[in-house]
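Undergrad:
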Amino acid sequence: MSLFSLLGTARDGMAAQSAALSTTSANVANVSTPGYTRRVAQLETTAVDGGVRYASTARTFDRFAYANVVDQQAKLSAAASRAGALSEVENAIAPTDNNIGDQAVNLVASFNTLAGAPEDPSLRADVLDKADQLASTISQTQTQLSSTSENLLGQAGDTVKQLNSDLAHIADLNQQIATAQGTGADSNGLRDQRDAAIRTVGSAIGAKAIEGKDGRVTLYAAGAVLVEGDHSSTLSMDLDATTGAMRFYAQGAAKNEITTNVTTGTLGGVREARDVDLAATQKNLDQYAFDIANTFNAIHASGYGTDGNTGRDLFTVTATATGAAKAMALDPTMKGHPEFVATAGSLSELPGGNTTVLKLANLADSASFGGQTLADRFAGLATDIGFRKVGADDEQTLRTDTLASAESANDSASGVSLDDEMVNLTAYQRAFEASSKVLQATNTLFDSLMSIIV
């Protein structure tokens, strides 16, 4: 090998190690940067003189490990969204104190007290007060559940809006990456940005990305292609006119409904919480209110108030169970008229008869509410939402653990280890110094040769 070749080899070696040092320094600097993927300097042997040169900088990206992170994030987001919504529903249906079940028991207790002194106007007024409280609480609870439903609808709408922005961003990054790859420019930073955007989309609706040879990814979610090349689909939503359930669409070359495939991510969790769990709870509360009101009304209407009249309902209720909870109220004719409370079973019992009010009091232990007692009927309502909430909480705990495992595996494959980078820094520094010494030695030999010739 000539001295000139040796000079070139030393020069190339210094340049290569310098590039490797820069790459390692960038890794160290970005050790805490979210979404950063560790870079590796690609060095290769030169064909002519057996030296080394810098070829490119590559990301240590494991697509399978990252895909698992995206998948587990989507499942955690679904579980967390559902658990959060069900927490609100559970608090509305079964607060710790003075819940619907407690107030129903209080109403029956007031009937029992009145049975001991049916002529006492204050006890009659207490019955009306307890009945009004029960009806108002049921109605307010249904209003609160409707408010939760509207909030979930708004959350879904916001998520869809953000998704459209993220999908358009991924399509734009696809174009930039393909251009950079075609010109030989560094696209690693753009790829990090795209991976972060894909994870955001996955968190919202689930996602699977497949990268083509040109560097562009095709993004799939909810059974549809959401990004293909430089183009992204537009998501939209509306409500079913009959059921009020949310419906989701993907508009690409054609508009396709994807509702049944929206099962994961924030949208999947919100959809299940609103259109399955909450819808069932609202229906159960309507049926509860309908049965409670009609059972009390049937007995109350058969009795007589101290004014000698009969046939009065205690509660206002709808003709069918649909909407019964929201509409439930103390019958307007009863307000301010404790004498209208039916206590006697016949006119002959007045003014002190208690046959009817005893029947009302006995409802505490009677299986008159859909084959269940008053307490059991509310317990069934509360238990149903409780089981749903526990299931969502358990799923959230599970997915928190599985996501942590997936992230750990991904970090092992693509994350920055300061210990490893320190070892690399030392190795590249020594290699740089060695190349520098070769350069110095070659330069000395060259000077000696020139002095001999001269």
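Residues in the sequence shown are numbered consecutively from 1331, following this note's numbering.
Even glycine gets a Cβ: it sits at the ideal position worked out from N, Cα and C.
Contact check, Arg1369 vs Asn1518 under 8 angstroms by CB: the rounded distance?
TA: 6 angstroms
Undergrad: If you draw a straight line from the alpha carbon of Ala1631 to that of Gln1463, how long is it in whole angstroms?
TA: 20 angstroms
Undergrad: Pick helix, strand or coil for Thr1658, following the three-state DSSP scheme.
TA: For the record, residue 1658 in the displayed sequence is Met; it is not Thr. Three-state DSSP puts Met1658 in coil, outside helix and strand.
Undergrad: Residues in the same chain with beta-carbon distance under 8 angstroms from Val1547, minus the five sequence neighbours each way, listed in chain order, please.
TA: These residues qualify, in order along the chain: Ile1500, Asn1504, Arg1524, Ile1528, Ala1539, Ile1540, Glu1541 and Val1557.
Undergrad: Please list the segments of the beta strand (DSSP E) lying wholly inside the segment 1423-1507, counting only runs of 3 or more residues, in order along the chain.
TA: none
Undergrad: Restricting to Cα atoms, I'd like to know which of Leu1569, Ala1554 and Ala1571 is closest to Ser1563.
TA: With distances taken between Cα atoms, Ser1563 lies closest to Ala1554.
Undergrad: Could you compute how far the alpha carbon of Ala1465 sits from the alpha carbon of Arg1707?
TA: 16 angstroms
Undergrad: State buried or exposed for Lys1767, treating a residue as buried only when at least 16 other CB atoms are found within 10 Å of its CB.
TA: exposed
Undergrad: Is there contact between the segment 1530-1537 and the segment 1392-1411, where contact requires at least three CB pairs shorter than 8 angstroms?
TA: Yes, the segment 1530-1537 is in contact with the segment 1392-1411.
Undergrad: Measuring only the C-alpha atoms, how far is Leu1704 from Asp1488?
TA: 41 angstroms
Undergrad: Reducing DSSP to helix, strand and coil, say where Phe1645 ends up.
TA: strand
Undergrad: Per DSSP, which residues does Ser1386 bridge with? Please list them.
TA: Gln1372
Undergrad: Work out the CA separation of Leu1549 and Ala1583 for me, nearest whole Å.
TA: 15 angstroms
Undergrad: How about Leu1482 and Ala1415: are their beta carbons less than 7 angstroms apart?
TA: yes
Undergrad: From the DSSP output, which residues share a beta bridge with Phe1578?
TA: Partner(s): Met1567.
Undergrad: List the whole-angstrom C-beta distance separating Ala1508 from Gln1474, where the pair is believed to meet the contact cut-off of C-beta under 8 angstroms.
TA: Rounded, the Cβ-Cβ distance is 51 angstroms, inconsistent with contact.
Undergrad: Determine which residues share a DSSP beta bridge with Ile1540 and list them.
TA: Thr1548
Undergrad: Contact between the segment 1391-1398 and the segment 1726-1744 is defined here as three or more beta-carbon pairs at a separation below 8 angstroms; is this criterion met?
TA: yes
Undergrad: In chain order, which continuous runs of the alpha helix (DSSP H) of length 4 or greater are located wholly inside the segment 1584-1609?
TA: For the segment 1584-1609, whole alpha helix (DSSP H) runs of length 4 or above, ordered along the chain, are 1595-1602.
Undergrad: On the three-state DSSP scale, how would you describe His1561?
TA: strand
Undergrad: Relative to the alpha-carbon of Leu1437, which residue among Tyr1579, Thr1590 and Ala1694 has its alpha-carbon at the smallest distance?
TA: Ranking Tyr1579, Thr1590 and Ala1694 by Cα distance to Leu1437 puts Ala1694 first.
Undergrad: Once you ignore the five residues that flank Thr1596 on each side, which residues in its own chain have a CB closer than 6 angstroms to its CB?
TA: Ser1407, Ser1411, Thr1489 and Ala1534
Undergrad: Would Met1752 be called buried (16 or more neighbouring beta carbons within 10 Å of its own) or exposed?
TA: exposed
Undergrad: Check for me: the alpha helix (DSSP H) holding Lys1719 runs from which residue to which?
TA: Lys1719 -> alpha helix (DSSP H) spans Leu1704 to Ser1744.
Undergrad: Which residues in the same chain as Gly1682 place their Cβ atom closer than 6 angstroms to its Cβ, once the five residues preceding and following it in sequence are excluded?
TA: Pro1448 and Glu1449
Undergrad: For Met1567, which of His1561, Thr1589, Leu1677 and Tyr1634 has the nearest alpha-carbon?
TA: Thr1589
Undergrad: Does the beta-carbon of Ala1428 have 16 or more other beta-carbons within 10 angstroms, so that it is buried, or is it exposed?
TA: It should be pointed out that residue 1428 corresponds to Asn in this sequence rather than to Ala. It counts as exposed.
Undergrad: Mind checking Ser1698: buried by the 16 CB within 10 Å criterion, or exposed?
TA: Counting the other CB atoms within 10 Å of its CB gives Ser1698 a total of 16 or more, which places it among the buried residues.
Undergrad: From Leu1373 to Leu1565, what does the alpha carbon distance come to, in whole angstroms?
TA: One alpha carbon belongs to Leu1373, the other to Leu1565, and they sit about 45 angstroms apart.
Undergrad: Looking at C-alpha atoms only, which residue of Gly1431, Asn1360 and Phe1626 is the closest neighbour of Leu1615?
TA: Residue Gly1431 is the option with its Cα nearest to Leu1615.
Undergrad: Thr1686 and Gly1638: beta carbons closer than 7 angstroms?
TA: no
Undergrad: If you draw a straight line from the alpha carbon of Lys1689 to that of Asn1442, how long is it in whole angstroms?
TA: One Cα belongs to Lys1689, the other to Asn1442, and the distance between them is close to 9 angstroms.
Undergrad: Among Gln1492, Ala1610, Thr1376 and Thr1363, which residue has its Cα nearest to the Cα of Arg1718?
TA: When only C-alpha atoms are compared, the closest one is Ala1610.
Undergrad: So what does DSSP say about Leu1680, is it helix, strand or coil?
TA: coil
Undergrad: Who are the Cβ neighbours of Asp1456 in its own chain at under 6 angstroms, not counting the five residues just before and after it?
TA: Within the same chain, Asp1456 has close Cβ partners Ser1440.
Undergrad: If I follow the unbroken alpha helix (DSSP H) through Val1687, where does it start and stop?
TA: Thr1685 to Ala1691
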